Structures are given as structure tokens and as C-alpha cells.
Amino acid sequence: MMERQTDLVVVGAGPAGLAAACAASNCGLEVNLVDEQSSPGGQLFRNIESPLGQASLDAKERAQGMALAKKFRASDITYFPDTTVWGLEPHKVSCTAEGKTKIFPTQSVIVAPGAMERPVPFPGWTLPGVLGAGGADILLRSGGTLLKDPAQPIVLAGNGPLLLLLACHLIDRGVNIAAWLDTGYWRKRIMSAIPMAVSFFDSAYLGKGLSMARKIAKAKIPFVLGAKNLQAIGTQRVEKITYEVKGETKEIATTCLLLHEGIIPRTHILSSLGAKHLWDPVQRYWHPEVTECGATSIDGLYLAGDAGYVHGGDASITKGTLAGIDAARRLGVITDSEAAFRSKQPLNKLRLTRFARGFLRYVFAPNPAIFAVPDQTKVCRCESVSAGDIRKVVLEGNTDVNEVKLYTRCGMGPCQGRMCGPALAEITAATLSTSPKKVGSLHIQQPFRPVSLENYCDTTTQD
Amino acid sequence: MEKSEHNDTVTILVDDIPVTVPAGISVAAAVLGHHHAGETYTNPVDGSPRAPYCLMGVCFECMMEINGEPNIQSCLVTVEEGMIVKRQVATAGAK
Numbered sequence: 506m507m508e509r510q511t512d513l514v515v516v517g518a519g520p521a522g523l524a525a526a527c528a529a530s531n532c533g534l535e536v537n538l539v540d541e542q543s544s545p546g547g548q549l550f551r552n553i554e555s556p557l558g559q560a561s562l563d564a565k566e567r568a569q570g571m572a573l574a575k576k577f578r579a580s581d582i583t584y585f586p587d588t589t590v591w592g593l594e595p596h597k598v599s600c601t602a603e604g605k606t607k608i609f610p611t612q613s614v615i616v617a618p619g620a621m622e623r624p625v626p627f628p629g630w631t632l633p634g635v636l637g638a639g640g641a642d643i644l645l646r647s648g649g650t651l652l653k654d655p656a657q658p659i660v661l662a663g664n665g666p667l668l669l670l671l672a673c674h675l676i677d678r679g680v681n682i683a684a685w686l687d688t689g690y691w692r693k694r695i696m697s698a699i700p701m702a703v704s705f706f707d708s709a710y711l712g713k714g715l716s717m718a719r720k721i722a723k724a725k726i727p728f729v730l731g732a733k734n735l736q737a738i739g740t741q742r743v744e745k746i747t748y749e750v751k752g753e754t755k756e757i758a759t760t761c762l763l764l765h766e767g768i769i770p771r772t773h774i775l776s777s778l779g780a781k782h783l784w785d786p787v788q789r790y791w792h793p794e795v796t797e798c799g800a801t802s803i804d805g806l807y808l809a810g811d812a813g814y815v816h817g818g819d820a821s822i823t824k825g826t827l828a829g830i831d832a833a834r835r836l837g838v839i840t841d842s843e844a845a846f847r848s849k850q851p852l853n854k855l856r857l858t859r860f861a862r863g864f865l866r867y868v869f870a871p872n873p874a875i876f877a878v879p880d881q882t883k884v885c886r887c888e889s890v891s892a893g894d895i896r897k898v899v900l901e902g903n904t905d906v907n908e909v910k911l912y913t914r915c916g917m918g919p920c921q922g923r924m925c926g927p928a929l930a931e932i933t934a935a936t937l938s939t940s941p942k943k944v945g946s947l948h949i950q951q952p953f954r955p956v957s958l959e960n961y962c963d964t965t966t967q968d
Numbered sequence: 011m012e013k014s015e016h017n018d019t020v021t022i023l024v025d026d027i028p029v030t031v032p033a034g035i036s037v038a039a040a041v042l043g044h045h046h047a048g049e050t051y052t053n054p055v056d057g058s059p060r061a062p063y064c065l066m067g068v069c070f071e072c073m074m075e076i077n078g079e080p081n082i083q084s085c086l087v088t089v090e091e092g093m094i095v096k097r098q099v100a101t102a103g104a105k
């Protein structure tokens, strides 16, 4: 169904999307907001309107999320939950909601798809019982448990901010954490010392980090530094894990392994439009080039939140606000000077947040060694393509990830390369002894989410 | 508060077993975190057992049959009273 044209469509109801929609609506724009979840909040503020969702957040975040949701509900924004976007142009957003096609003609679009955990393959990572730390936290925040018997041991592994948060949530629930295997990259971690010194400018945030660290230290979780060559072993689910430390192989019996290797922007929508992307050599990810107010290289198309660069929830709210204001300015609904006036405070806040938290880029820099996985490791979960399959095709002379995709099917499954793209680039680059920046990134085609032919064709007849 | 929590549950049927879970959560979170199903999906390419990995719409490992419709990303569907959920697991004799 063709919806009525509006000034702005916002994609995503997380911190950035909600803030963007509210700011734009506040400036007088008519706004539609589409989101694939049933209720506003995104990942950080998941289920923020229910007691269950509120209980899992600390006091500051809870207040922040609830205030944002309340402001959103009180606004004139038209909200389309349970709506999956699969096609997007600066003036048209194509979605499916409850099996029906919805097309939103619009003057401008703010995309706020957020971030995801960096997917890193290792032997056995497809086994039930292995999941991302973010996914595990969602289970806890949904009132569930990781194992039927909460006394059974679980293992944490990797390097990234979510592990701290997840560990605290597990400790609160009395879960038995058998080990925490750290894969951190010390060459970069050492470099975090200088930027960390300025983090006192954001003392509330630093305080939160320190109190989490204290809680974890008090729980006396066995912490293993420099863990390598992680493997999950089992038939129907993980039964044990092995890893190497100082050249020695160790084994732990567990039926649950939670992995986290940092957070990366979700770039599929902007990639499919050919927007310009930049490579961050420390965090080892591509991120779209945007201005401080979120304008992309495509006119009328804005990006807000962690999908531009992962700065976290506070920054996402300010980035959303700035994008919403600029979208109103671009359409002439508010003047340049009013836009500058409205933007001043959020802009200062964003700059301070980015300055004070710059050290996180180095503390949680991914270690390139995590991608040096054995040949039999499945890299593409959907199409079951192994690291060995990729290396073979690269050594045959294919030096761009899109060529490797063509010959191996790596990235051609339903997730459209979301789970294998980063590892495909790392393994291709390592085989050629070059940087992932040099081997290209997967060409993303629209529709960027699976859509039925019926729904897809529905758009062409109505144009 | 406790009263509302008590009322805020729904019962879904997972492979013919009733499972009562908090309202507002996803089907994937219900099947994995409350029903503790283990394998929920068999990969059609290599036949290996899978379960939800990301729980936020990225990985497509949580595909299940919901109210008769197969291949639904169950992490993006909110549980509803009386919902009929089937794991997409290839067992001998099952279709």
C-alpha cells in the first residue's frame, strides 16, 4: 500500500531514531517512523515501556530511555512497528508489515539501523549453546536463563564493552562463570592510556565503568589473558571448549559459550546506495562518511546513531537530535540560524562524549589474530563456506571479496553477508598479506532484507 | 507491581508443549531462554544443528515456523497468546 507522502521517514526506533524523529517533529516536520520491533527502544532501550525492560537498565539509562519513549509517544510522529525495511532511496522507503507491502514516499530519510556485534568465526561457533554476548543479554533481559540449570558453568570469551555489562548481569543472577577468556590486543590497548586520561570529562561514564570493574573483580571470575585458538566442541550442542594460552591447550566442560569481539556499525542500507564509506584501521570496520549532523554523501539521506560510528547510546541520542534538526533546516521549515541555535547544545555534548570516550577505540581494538582460524572453520554460516574454501579461491588469484563471494557462495545466504562479511575480508586480506581495506567490501544489493516476490512486485505496480 | 507481572504472561505452544513466558518478549527468546530448546533450526546446506545467535535480526539462525508460516525470523516476532511455534529441525520421519 502506498502511504501518504511526508517530510521525513525515520528508519529505526532505537535511541538515535527516536531522538531524530522527536527533534524533526519538534521543528514542525511531518514524520513517519518505521521499525522492525514491536515496541520502541531498539537494542539499548529494548522493551523500555515494560517493567521487564526497565529492570535490566541502570538508573540513569532507565530514566533516559523512559523519557525518550514518553516524548515519542506524546509527539505527532506516526509510528509503524513490526515493519521491515527492504528497499530505500532518498525519496522512497519500501517495507513489509504483516505480510503486506508498504511504500512511504518522502522528502527525506534518516536511517538509524544501529550497530551489531562483530561476527568472528571459530571452530564450532555454529553449535547451539554458542551465542553472541549481545544475544545472551537479550535472553536475560527477556526474563530467561542461558541454561535450564542455572548452576551449570558458562564461559565468556573475547574482547569488548558488552562483556563487562553481560558479566555484571550474570553475576547479579548468580550464574556460575567458569572462565573469562580475554583475546584483547595489547599493542593497541597500551595506546588507550593517554586518551583515557581525558575520560574524567565524562566522570559519570567513567564511574559506571569502574563500578562494573569492581563488581567483576569481587566476583573472582577466573580471568585468562591472551587466550587463543578458541574451539567449541560437541555434536548437537557445545559440550566443551578448548583454547590455547602460552602454548598450552586447556579444556573446559561447558554447554554455553558467549562470545563478544566488539561492536560494528550496520552498514547494509547505506552500502546498497553506494554512499561513501571510510575504513577505521584500529576498530577494523567500514563506516559511512557523515557530517556531524548526520548528512551522508547522498542528498536528503541522513544517518544517525551507532550505524555511522560506534560511540554508544548517549552519542546516538545527540546524533539523532542533530540529524532531525538538520532535516528540518534542509526543507526550509526552520531557518539556518534557528537550526544552529537548536543544534548548539547537542553538538557540544556530542563533541565532549566523543572526546572523553576516545580511549574505548583502543581498549577494545580487535586483535587481527582472532581471524587466523583453521581451514575447516565455517565462515559463512548460511551457505556453510569454510575458511579453507576462501583461502583456496584467493590463492587462485581472486583478490576482491566480491570475486571470492562469486566462487564460494560466501555471503549469498539469507543474512546477505552480515555474519561473514568482516571475516571474509580479514581472511582474504591475510591470505594476500594486505589490509582488509584493500580487498573491497561486499556489494550489497536491494532488497537488503529477504522479501517475498509478491511483496516485491506490489511496489512496481503502484509506481 | 507483582500483580501486573503475574498478569503479564502469555502461553505459546512450542512443538506441542505449552510454554508460559513474559509478554513482550520475542519468540526466539521464549524458545531459547525459557523453553531451552537447544537446536531450533537445521541448516539446509550442511544439515548441522543451529540455534539463535544474535537475537536481534541479523543472523537468520532463529528461523522457525510460526502459526503455520515457515522461515520466520523468530527474534523479530513478539509472543502472542496461543501462538503455535514449531522448530525447523530435520529429524528422521519429520517433514
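Going down the list, the sequences are from chains A and B.
Counting with my numbering, you get residues 506 to 968 for the letters of the first sequence.
Counting with my numbering, you get residues 11 to 105 for the letters of the second sequence.
Glycine included, each C-beta is placed from N, C-alpha and C at the ideal position.
Quick caveat, the model's predicted, so the values are computed rather than measured.
- Identification of chain B residues near residue 643/A by a Cβ-Cβ cut-off of 7 angstroms yields 39, 65, 66, ordered along the chain.
- In the same chain as residue 868/A, and ignoring 5 residues on each side of it, the C-beta atoms closer than 7 angstroms to its own belong to 694, 697, in chain order.
- By the C-beta density criterion, residue 901/A is exposed, having fewer than 16 other C-beta atoms within 10 angstroms.
- The three-state reading of DSSP puts residue 948/A in coil, since its state is none of H, G, I, E or B.
- Residues of chain A whose Cβ lies closer than 9 angstroms to the Cβ of residue 86/B are, in chain order, 541, 542, 543, 587, 589.
- Looking at the DSSP output, residue 592/A shares a beta bridge with 599/A.
- Under the three-state reduction of DSSP, residue 758/A is assigned to strand.
- With the rule of 3 Cβ pairs closer than 8 angstroms, the segment 623-635 of chain A counts as touching the segment 48-61 of chain B.
- Taking 3 residues as the minimum length, the beta strand (DSSP E) runs contained wholly in the segment 838-923 of chain A are 883-885, in order along the chain.
- Contact between the segment 85-97 of chain B and the segment 568-577 of chain A is absent, with fewer than three C-beta pairs closer than 8 angstroms.
- Nearest to residue 800/A by alpha-carbon distance, out of 859/A, 758/A, 613/A, is 613/A.
- In chain order, 512, 532, 533, 534 place their CB closer than 8 angstroms to the CB of residue 838/A, counting only its own chain and leaving out the 5 sequence neighbours on each side.
- Annotation: Cβ neighbours of residue 35/B in chain A (cutoff 8 angstroms, chain order): 552, 557, 647, 648, 649.
- Cβ atoms of residue 764/A and residue 748/A stay farther apart than 8 angstroms, at about 12 angstroms.
- Using a CB distance cut-off of 8 angstroms, residue 61/B counts as an interface residue toward chain A.
- From the beta-carbon of residue 891/A, no residue of chain B is found nearer than 7 angstroms; the closest lies around 10 angstroms away.
- Residue 951/A and residue 89/B have their C-alpha atoms some 29 angstroms from each other.
- Within the segment 605-649 of chain A, the beta strand (DSSP E) runs of at least 3 residues that lie entirely inside it are, in chain order, 605-616, 620-622, 635-637.
- For the pair residue 783/A and residue 797/A, the CB atoms are not nearer than the 8 angstroms cut-off.
- Within chain B, the residues 64, 66, 68 have their CB atoms less than 8 angstroms from the CB of residue 621/A, given in chain order.
- The segment 909-926 of chain A makes no contact with the segment 660-678 of chain A: fewer than 3 CB pairs, one atom from each, lie closer than 8 angstroms.
- Taking the CA atoms as reference points, residue 59/B sits about 28 angstroms from residue 604/A.
- Secondary structure within the segment 517-587 of chain A: the alpha helix (DSSP H) runs of 4 or more consecutive residues, fully enclosed, are 520-531, 556-560, 564-579 (chain order).
- Within 7 angstroms of the CB of residue 56/B, the CB atoms of chain A belong to 889, in sequence order along the chain.
- Look at the segment 37-86 of chain B and you find these whole runs of beta strand (DSSP E), each 3 residues long or longer: 73-76, 79-83.
- Comparing C-alpha distances from residue 72/B to each of 55/B, 39/B, 27/B shows the shortest one belongs to 39/B.
- One alpha carbon belongs to residue 69/B, the other to residue 790/A, and they sit about 18 angstroms apart.
- Nearest Cα to residue 807/A within the set 934/A, 628/A, 956/A, 526/A: 526/A.
- Scanning chain A for C-beta atoms nearer than 8 angstroms to the C-beta of residue 23/B yields nothing, as the closest lies near 18 angstroms away.
- Judged by DSSP in its simplified three-state form, residue 661/A adopts strand.
- Here residue 591/A is buried, its C-beta having at least 16 other C-beta atoms within 10 Å.
- In this structure, the CA atom of residue 859/A is about 31 angstroms from the CA atom of residue 935/A.
- Among the bridge pairs identified by DSSP, residue 96/B is matched with 75/B.
- Between the alpha carbons of residue 948/A and residue 607/A lies a gap of roughly 25 angstroms.
- Residue contact with chain A for residue 53/B: present (Cβ-Cβ distance below 8 angstroms to some residue of chain A).
- Nearest CB-CB separation between residue 48/B and chain A: below the 8 angstroms threshold.
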